[in-house]
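So the sequence shown is numbered by this note's numbering: it starts at 312 and just counts up by one.
Backbone N, C-alpha and C define an ideal beta-carbon position, used for all residues, glycine too.
Quick caveat: nothing in here was measured; it's all calculated off a predicted structure.
Note sheet for the following structure.
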Amino acid sequence: MGAAGSALARLGLPAQTRPSWLGVAALSLAAVALGTVAWRHARPRRRRRLQQVGTVAQITIYPIKSCKGVQVNEAECTAMGLRCGNLRDRFWLVIKEDGHMVTARQEPRLVLVSITYENNSLILKAPDMEQLVLPVKQPSSNPLHDCRLFGLDIQGRDCGDEVAQWFTNYLKTESYRLVQFETSMKGRASKKIFPFVQNYQVAYPDCSPVLILSQASLEDLNTRLEKKVKMEYFRPNIVVTGCDAFEEDCWDELLIGDVEMKKVLACPRCILTTVDPDTGIIDRKEPLETLKSYRLCDPSEKKIYKSSPLFGIYYSVEKIGNLKVGDPVYQMVQ
């Protein structure tokens with residue numbers, strides 16, 4: 312029995328005594344019912360509402376961990392962070408000869424190493440040093456190093472003796488080498504950094520592919536400091552304007568350009584924030600002490616952040632794409 316016949320039978324009338332209009336009505340009812348079922352199955356999930364919370368004011372890629380950043384007008388946002396051509400965020404790392412990472416925490420003058428990107432090469436400059444041209448692609452014959460970042464193992468391709476000697480001569484403390492992460496290598500798993508966060512991988516960033524900070528948060532901090540600080544003290548990838556101070560604390564899922572991001576956790580700040588990016592001198596006090604006076608975590612989150620003040624938000628990349636300066640920043644809400 313078809314759908315129309317079933318509908319007629321439920322009316323309790325013999326087929327031969329049913330008026331013709333009733334058959335038409337039943338057919339119409341059946342069609343509507345079947346259409347409703349089909350629509351329910353085909354209907355997409357309810358779209359999230361977009362609420363603009365700010366605008367991208369600055370995009371920065373930090374090729375070599377702890378060295379100066381490179382500001383760009385637009386970038387591709389990959390699962391492992393920002394990219395502009397072959398310029399990748401924190402894909403290069405200074406190491407000791409035993410493979411342990413070296414950052415401005417140990418060698419503050421690393422922040423004075425500037426980088427420009429020309430003809431598929433990094434041009435490195437530093438005070439009292441000749442500039443050095445480093446090709447972004449290293450020969451596969453260069454050895455691999457087993458490196459150590461925050462207690463986790465990761466590989467890196469050696470970038471050669473010339474740049475190793477350059478960093479050694481510049482820092483003048485011990486022998487150093489420079490390594491490069493390659494996309495074929497295995498990144499550090501987020502679950503080994505913070506067991507409670509979503510799954511992703513990072514190369515040499517501290518713990519996530521993207522760090523976002525608002526201009527208003529920096530301005531709020533500067534109202535409390537005797538000596539004002541610049542955004543470079545905090546090394547965010549994306550600076551957002553047009554929002555209130557610390558409004559970024561509440562942004563869970565973001566859409567910027569065609570990139571979707573999800574909040575990982577707040578950025579716990581350390582002694583690195585006390586390195587002056589203009590002088591390479593480590594203060595060990597400010598602005599960290601002031602941040603501790605008003606930016607500590609809720610007591611319920613003490614296990615995560617301990618006594619570190621929070622400034623900026625780490626994000627994972629849920630949908631890769633492109634973003635640029637001037638893009639609206641949308642919070643995606645249900």
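Worksheet item: Does DSSP put Ser519 in a helix, in a strand, or in coil?
Response: Residue state, collapsed to three classes: coil.
Q. When DSSP builds the beta bridges, which residues end up paired with Met412?
A. Ile406, per the DSSP bridge assignment.
Check your understanding: In chain order, which alpha helix (DSSP H) runs of at least 4 residues are fully inside the segment 564-622?
Key -> Within the segment 564-622, the runs of alpha helix (DSSP H) that reach at least 4 residues and sit entirely inside it are, in chain order, 599-605, 613-616.
Whole-number beta carbon distance between Ile523 and Gly623, since they are thought to touch under 8 Å: Contact holds; Cβ gap of about 6 Å.
Open item on the list: On the DSSP letters alone, give me the boundaries of the alpha helix (DSSP H) that Thr479 sits inside.
Closed with: Its alpha helix (DSSP H) spans residues 472-482.
(Q) What does the alpha-carbon distance come out to for the pair Ser611 and Pro454? (A) The alpha-carbon atoms of Ser611 and Pro454 are separated by roughly 46 Å.
- Query: DSSP beta-bridge partners for Thr389?
  - Reply: Residue pairing from DSSP places Thr389 in a beta bridge opposite Gly392.
* Nearest residue (CA-CA) to Glu597, options Ser627, Lys538, Asn633 -> If you compare the alpha carbons of Ser627, Lys538, Asn633 with that of Glu597, the shortest gap goes to Lys538.
Checklist entry - If Met391 and Gly498 are in contact, beta carbons under 8 Å, what's the gap, nearest whole angstrom? => result Going by Cβ atoms, the distance from Met391 to Gly498 rounds to 6 Å, so yes, they are a contact pair.
>> Give me the residue from Val405, Val364, Ala386 with the minimum Cα distance to Ile375.
In response: It is Val405 whose Cα lies nearest to the Cα of Ile375.
* Gly462: buried (16+ other C-beta within 10 angstroms of its C-beta) or exposed? -> Exposed.
Please identify the residue among Ser451, Val424, Ser452 whose C-alpha is closest to the C-alpha of Val444. Of the residues Ser451, Val424, Ser452, the one whose Cα lies closest to the Cα of Val444 is Val424.
Checklist entry - Between which two residues does the beta strand (DSSP E) containing Ser425 stretch? => result Residues 425-429.
Notebook entry, point to check: Would you call the CB atoms of Leu634 and Gly568 closer than 8 Å?
Noted result: If you check the CB distance, Leu634 and Gly568 come in under 8 Å.
Margin query: Spatial neighbours of Tyr616 within its chain, please: C-beta separation below 6 Å, excluding the five flanking residues on both sides.
Written below: Closer than 6 Å at the Cβ level, and outside the excluded window around Tyr616, lie Pro579, Cys608.
_Taking 6 Å as the limit between beta carbons, can you name the residues of its chain near Ser525, skipping five residues before and five after?_
Cβ neighbours of Ser525 beyond the five flanking positions: Val551, Cys554, Glu559.
Original post:
Considering only the beta carbon of each residue, do Gly591 and Val422 sit closer than 8 Å?
Top reply: Contact flag set, yes.
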